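Numbering (our numbering), first residue to last: 11 to 550.
The beta-carbon is built from N, C-alpha and C at its ideal position, and this holds for glycine as well.
Remember, predicted model here, so these are calculated numbers, not experimental data.
Read the structure below first, then the notes.
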Ligand code: N01
């Protein structure tokens, strides 16, 4: 049977449509199937994996420890898998998701290579009609997006891009066959997390690397290492407790969060603490050091100064170090990257740093990239320029709610949701890790599991009560949006031009999009909403 015929035989009317086959979509499909719902699931990629299907650039991997960067809902899945490294690379994470998909037999539920191009709500029948790029239309009671937060690649509109005669790739749409950098002159645009992972590796492979930096980034060593047999055994023994800690922690991680303020100790002790945590590596450097680094400017400055000094020590040429040292925004208000030898890479003879604040990009030409100073001849350009975060993956689906209004229209001044999982005038639409939920501020699998389970329970409730629809009341949504903003304003995070703020996408409204009240607190709140018969929702 051809793929087309097989698709043709699939149901055109189902209980639920799920979009996406990453961590979120796989678990959602599993839960809905277990509940006995009929469903269709669409994935624009050729296989499972989501983020890890697309982001195959050199050095791509997770900044969450492997043993928590996975599902916790099934003991069998947990015990049947062993991670090799503290921070897993892209290939290992993809293998893990393949393992889960095969173990739970999830692949047959998906139509791969099938992008959703639109979804329209029919108010009379309380049904969604989902359209795909193959021209198929499927009707469903529930529409569930599992499209990730960082899956809509942002390629800057630099004049002349199409005239470039070499290869050009965005980190988030990397060729599956890989890119051969050997003997090549490579340009990387951007210095965010993706670039900071890729640059040390590309520098070792390429003949020459030019890094085009607009904003210098703070970065902390990841301290990655192989997991030895003893650590593996300890993790297997303690994993339940570790995962339970994640579920109630502020960022879905099992860290030893500090309860001490930066000025509760003297400068010498601070230095000792920062250094000790620096040697351990990972985000604990931030969260394990002092509790007030994201809310107190002076406390934050002590951490920022520590990293600035580390950059000075790592980079031999003081002029290059000066360009690399971030100024003008508090540390970790742009998402803090973790690295393996990033700053040291600038000591290599084959690496040049171009400060775009001094010499901005003018255009891309056939043979390379021209700044206001000169033309850099290049064979390959890597766009490590990030994503239209949080809202982009949703608005591009072409979802139309009541009255034909699109999500993009409704969110023209910034995303408006209730709990980050639903939005008024879009009944029975559930967004896994949508804007207004903690999502990207913590460990994604922890956030995803909580949302999937909450959505599954909600659908169960609706079916048990023979209810046709659920959607937030405008008042509840208004209050949630205000709450999300109010919490963000108590922190330093809105101070930076970050993708959390939409600042990396020209014309995007400047609004802090995720919920920063803490993952554990959010989980509790969502549970209370459900227990109070879905407080803030209207059920029809
Ligand atoms: O994207 P980014 P990313 N001209 O937006 C620059 C997650 N992630 O793909 O700062 C020149 O952070 C831009 O400059 P500026 C993680 O949550 C996780 O690196 O806007 N430069 C910036 O330097 C992360 O935060 C992992 O001035 C331009 C860079 O491009 C998120 O994904 C690994 C430009 C974009 O940085 C996004 O990371 C990787 C222009 N026109 C990613 N436009 C792990 O867990 C943009 N830039 C390991």
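Beta bridge counterpart(s) of residue i as assigned by DSSP
| i | result |
| --- | --- |
| residue 99 | 71 |
| residue 222 | 199 and 364 |
| residue 138 | 131 and 150 |
| residue 230 | 348 |
| residue 386 | 379 |
| residue 465 | Per DSSP, none; premise fails for residue 465. |
| residue 548 | 481 |
| residue 499 | Looking at the DSSP assignment, residue 499 forms no beta bridge with any residue, so it has no partner. |
| residue 155 | 29 and 441 |
| residue 236 | 95 |
| residue 216 | 192 |
| residue 51 | 28 and 120 |
| residue 491 | Residue 491 is not bridged to any residue. |
| residue 392 | 179 and 198 |
| residue 23 | 149 |
| residue 374 | 379 |
| residue 126 | 142 |
| residue 397 | 163 |
Proximity winner among the options, relative to residue i (alpha-carbon distances)
| i | options | result |
| --- | --- | --- |
| residue 94 | 84, 86, 85 and 106 | 106 |
| residue 589 | 435, 284 and 429 | The displayed coordinates of the chain run from 11 to 550. Any statement about residue 589 would go beyond what the structure contains. |
| residue 540 | 288, 514 and 470 | 470 |
| residue 181 | 457, 62, 370 and 319 | 62 |
| residue 97 | 211, 414 and 293 | 293 |
| residue 54 | 176, 123 and 315 | 123 |
| residue 543 | 503, 477, 492 and 497 | 477 |
| residue 186 | 57, 243 and 78 | 57 |
| residue 461 | 72, 83 and 65 | 83 |
| residue 44 | 253, 64 and 115 | 115 |
| residue 530 | 37, 259 and 154 | 259 |
| residue 216 | 191, 40, 237 and 281 | 191 |
| residue 527 | 503, 508, 546 and 389 | 503 |
| residue 448 | 158, 102 and 366 | 158 |
| residue 327 | 166, 353 and 452 | 353 |
| residue 394 | 514, 249, 289 and 288 | 514 |
| residue 412 | 403, 404 and 433 | 433 |
| residue 119 | 36, 278 and 85 | 36 |
| residue 249 | 81, 289, 168 and 291 | 81 |
| residue 132 | 221, 415 and 351 | 415 |
| residue 88 | 72, 109, 229 and 99 | 109 |
| residue 497 | 509, 525 and 309 | 525 |
| residue 224 | 275, 366 and 183 | 366 |
| residue 206 | 221, 193 and 458 | 221 |
| residue 28 | 140, 59, 20 and 100 | 140 |
| residue 391 | 177, 233, 275 and 235 | 177 |
| residue 99 | 409, 350, 283 and 473 | 350 |
| residue 483 | 510, 550, 508 and 135 | 550 |
| residue 468 | 451, 492, 334 and 431 | 431 |
| residue 495 | 429, 370 and 369 | 429 |
| residue 336 | 228, 451, 445 and 78 | 228 |
| residue 454 | 76, 410, 86 and 246 | 76 |
| residue 232 | 203, 466 and 511 | 203 |
| residue 532 | 501, 464, 500 and 488 | 464 |
| residue 1 | 286, 279, 271 and 410 | Residue 1 is absent from the model: the chain starts at 11 and stops at 550. |
| residue 242 | 90, 297, 121 and 372 | 90 |
Any non-hydrogen atom of ligand 3 within 7 Å of residue i CB
| i | result |
| --- | --- |
| residue 405 | In the structure shown, ligand 3 is absent; the only ligands present are ligand 1. |
Just to confirm the assignment: which complete alpha helix (DSSP H) runs, minimum length 4, are found wholly within the stretch 251 to 322? The alpha helix (DSSP H) runs lying completely inside the stretch 251 to 322 and spanning 4 residues or more are 277 to 290 and 294 to 297, given in chain order.
Are there three or more Cβ pairs, one per stretch, closer than 8 Å when the stretch 142 to 155 is compared with the stretch 38 to 57? When Cβ pairs closer than 8 Å are counted between the two stretches, the stretch 142 to 155 is seen to touch the stretch 38 to 57, the count reaching three or more.
If you pair each beta-carbon of the stretch 421 to 434 with each one of the stretch 190 to 204, do three or more pairs fall below 8 Å? These segments do not touch.
In chain order, each beta strand (DSSP E) run of at least 3 residues that lies wholly inside the stretch 157 to 201: Counting only runs that start and end inside the stretch 157 to 201, the beta strand (DSSP E) elements of at least 3 residues fall at 177 to 180 and 195 to 199.
Is it true that the stretch 337 to 352 meets the stretch 295 to 303, where meeting means three or more beta-carbon pairs spaced less than 8 Å apart? Yes, the stretch 337 to 352 touches the stretch 295 to 303.
Spell out a yes or no on whether the stretch 119 to 139 and the stretch 354 to 371 are touching, meaning 3 or more CB-CB pairs, one atom from each, closer than 8 Å. Too few Cβ pairs lie closer than 8 Å, so no.
Pairs of beta-carbons, one from the stretch 391 to 406 and one from the stretch 154 to 172, closer than 8 Å: are there three or more? Three or more pairs of CB atoms, one per stretch, sit closer than 8 Å, so the stretch 391 to 406 contacts the stretch 154 to 172.
4 or more residues per run - each alpha helix (DSSP H) lying fully within the stretch 404 to 457: Qualifying alpha helix (DSSP H) stretches, in chain order: 417 to 420.
State whether the stretch 67 to 80 contacts the stretch 202 to 213, with contact taken as three or more CB pairs (one from each stretch) at a distance under 8 Å. Touching, yes.
State whether the stretch 248 to 256 contacts the stretch 313 to 324, with contact taken as three or more CB pairs (one from each stretch) at a distance under 8 Å. Fewer than three beta-carbon pairs drawn from the stretch 248 to 256 and the stretch 313 to 324 are found closer than 8 Å, and the two stretches are therefore not classed as touching.
Any chance the stretch 477 to 496 sits against the stretch 435 to 454, with 3 or more Cβ pairs inside 8 Å? These segments touch.
For the stretch 373 to 382 against the stretch 260 to 276, do three or more pairs of beta-carbon atoms, one drawn from each stretch, fall closer than 8 Å, so that the two count as touching? The stretch 373 to 382 vs the stretch 260 to 276: no contact.
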